[in-house]
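Residue numbers (my numbering): 18 to 161. Ideal Cβ placement from N, Cα and C applies to all residues, glycine included.
Following this line, the structure appears as structure tokens:
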């Protein structure tokens, strides 16, 4: 096997080649900007410890969404999902069978499941120690 051919095939299948070819066609620079933003958010969350609970999730989602050639989201599936004449109209099972990772995550967004889970998670992490030690602060909080 030719080493040059192997390296050329490796380059053509890489995300860097997808971003560079995207510059020529469309959206390559936009994906690159979003990848830089995702890395900055991860840096702020992990290294600077600036709201890590919030920023790690946002940055990771931003990173996953903008990976080139990942095939995580399929617009044609959601077009068929929203088309009343389609046989897969509002069929979450079809999305689960043929969709990618972000398609499955989008089901949670579409059904409004994730906001409920987020509020429950933040509520479960609430520290009630100060409230228990000083019960009259409950009245101040209720009045606000």
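**Q.** Separation of residue 149 from residue 38, as counted between CA atoms
**A.** Against the chain shown, residue 38 aligns to sequence position 21. Against the chain shown, residue 149 aligns to sequence position 132. In a straight line, the C-alpha of residue 38 is about 59 angstroms away from that of residue 149.
Q) What is the residue span of the alpha helix (DSSP H) that residue 109 lies within? A) Start at 1 with the first residue of the chain shown, and residue 109 comes out as number 92. Segment 109-115, the alpha helix (DSSP H) holding residue 109.
Q | Cβ-based burial, residue 163 [other Cβ within 10 Å; buried from 16] | A | Only positions 18 to 161 of the chain appear in this structure, which leaves residue 163 out of reach.
**Q.** Collapsed DSSP secondary structure at residue 66 in the structure displayed
**A.** To locate residue 66, count along the chain shown from 1; it is residue 49. Three-state result, residue 66: coil.
Q: Pull up the distance between the alpha-carbon of residue 56 and that of residue 48, whole angstroms please.
A: Position 39 of the chain shown, counted from the start, is the residue given in the question as residue 56. Position 31 of the chain shown, counted from the start, is the residue given in the question as residue 48. The alpha-carbon atoms of residue 56 and residue 48 are separated by roughly 12 angstroms.
Q. Straight-line CA distance for residue 67 to residue 132?
A. As a first step, residue 67 must be located in the chain shown, where it is residue number 50. As a first step, residue 132 must be located in the chain shown, where it is residue number 115. Taking the straight line joining both Cα atoms gives about 22 angstroms.
**Q.** Alpha-carbon spacing of residue 84 relative to residue 18, whole angstroms
**A.** Looking up residue 84 in the chain shown gives position 67. Looking up residue 18 in the chain shown gives position 1. Distance between the alpha carbons of residue 84 and residue 18: 30 angstroms.
Q) Would DSSP call residue 145 helix, strand or coil? A) Here the question's residue 145 lines up with position 128 in the chain shown. Residue state, collapsed to three classes: coil.
(Q) If you reduce the DSSP assignment to three classes, tell me which class residue 106 lands in. (A) The residue given as residue 106 occupies position 89 in the chain shown. DSSP places residue 106 in coil when its eight states are reduced to three.
(Q) Which residue marks the beginning of the alpha helix (DSSP H) containing residue 96, and which one marks its end? (A) Against the chain shown, residue 96 aligns to sequence position 79. Unbroken alpha helix (DSSP H) run through residue 96: 92-99.
Q | Rounded separation between residue 24 and residue 35 - CA only | A | For the purposes of this step, residue 24 is identified with residue 7 of the chain shown, where counting begins at 1. For the purposes of this step, residue 35 is identified with residue 18 of the chain shown, where counting begins at 1. When rounded, the distance between both Cα atoms is 15 angstroms.
Q) Rounded to the nearest angstrom, how far is the Cβ of residue 59 from that of residue 119, given a contact under 8 angstroms? A) By one-based count along the chain shown, residue 59 stands at place 42. By one-based count along the chain shown, residue 119 stands at place 102. Not a contact, Cβ separation roughly 18 angstroms.
Q | Proximity of residue 94 and residue 121 at Cβ, strictly below 8 angstroms | A | The residue labelled residue 94 in the question sits at position 77 within the chain shown. The residue labelled residue 121 in the question sits at position 104 within the chain shown. Cβ atoms of residue 94 and residue 121: not closer than 8 angstroms.
Q: Take the Cβ of residue 72 as the centre, count every other Cβ of all protein chains shown within 10 Å, and call the residue buried at 16 or more, exposed below.
A: Start at 1 with the first residue of the chain shown, and residue 72 comes out as number 55. Counting Cβ neighbours within 10 Å, residue 72 comes out buried, since at least 16 surround it.
Q: Take the Cβ of residue 22 as the centre, count every other Cβ of all protein chains shown within 10 Å, and call the residue buried at 16 or more, exposed below.
A: Stepping through the chain shown from its first residue, residue 22 is reached at position 5. Label assigned to residue 22: exposed.
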